[in-house]
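In my numbering, the protein residues as written are 1 to 215.
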């Protein structure tokens, strides 16, 4: 006699208790399959909700993928990203859905999107971002070595004139110009160290400038 408990124990754990994302995808696939077997208004409704759930699963999967590799966030639209707010001279940056802090800054007058990274020593501009802001590498300065997941790569250094967002302005700041970031611009510690202070409270990154500028 077949023991159902024994059969259940032989199944992989992810099938017995699937993760929420996988469970939602399985339910959506069942709805779409059942809708294909029938006709009429109910079938169309089931197909609609099934496709809607699959679309939601795909969107969440994309966000999780970006969280694992931020360089892919360059291809994500800025629409829907939480906007930084200025309060009492401080700039408050909410945590985005991908698990990162993003700001829209003006670099030499050009609007540029940055991911704030406290693990980065120096602010890094992608080759595209540097070109748009009119920033060129200094040929008299030695290249720096960047440690990436694909090994060590050389990058050029440059200096930007101004970086502005909210009540914060940074001038004459060293940056790295790299062709290996996949279009990602990173705001590093050489910027954060210029501030009077910074902290995270309830998922909000709070930046306090030394000399707040009028917005």
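For glycine and all other residues, C-beta sits at the position ideal for the given N, C-alpha and C. A quick note: this is a predicted structure, and the numbers were derived from the prediction, not measured.
Spatial neighbours of residue 4 within its chain, please: CB distance less than 6 Å, with the 5 preceding and 5 following residues excluded, ordered by chain position. Here the model assigns residue 4 a pLDDT of 46, short of 50, so the residue's position is not dependable, and the following value carries that caveat. Contacts found: none.
Cβ atoms of residue 130 and residue 136: under 9 Å apart, would you say? yes
Among 128, 100 and 120, the one whose alpha carbon lies nearest that of residue 110: 128
C-alpha gap between residue 170 and residue 204, whole angstroms: 21 Å
Flag this pair as yes or no: are the beta carbons of residue 102 and residue 92 separated by less than 9 Å? no
In terms of residues, what are the limits of the beta strand (DSSP E) holding residue 132? Here residue 132 belongs to no beta strand (DSSP E); instead the alpha helix (DSSP H) covers 127–132.
Classify residue 209 as buried or exposed, calling it buried when 16 or more other Cβ atoms lie within 10 Å of its own Cβ. buried
With distances taken between CB atoms, is the gap from residue 121 to residue 189 smaller than 9 Å? yes
By DSSP, does residue 108 sit in helix, in strand, or in coil? coil
What runs of the beta strand (DSSP E), each 3 residues or longer, lie entirely inside the region 155–182? 168–178
Spatial distance of residue 125 from residue 200 (CA atoms): 24 Å
When 165, 168 and 158 are compared against residue 177, the one with the closest alpha-carbon: 158
Roughly how many angstroms lie between the CA atoms of residue 179 and residue 196, to the nearest whole one? 32 Å
Using only the alpha-carbon positions, how far apart do residue 218 and residue 141 sit? One cannot answer for residue 218 here, as it falls past the ends of the chain, which runs 1 to 215.
Residue range of the alpha helix (DSSP H) that residue 192 falls in? 189–192
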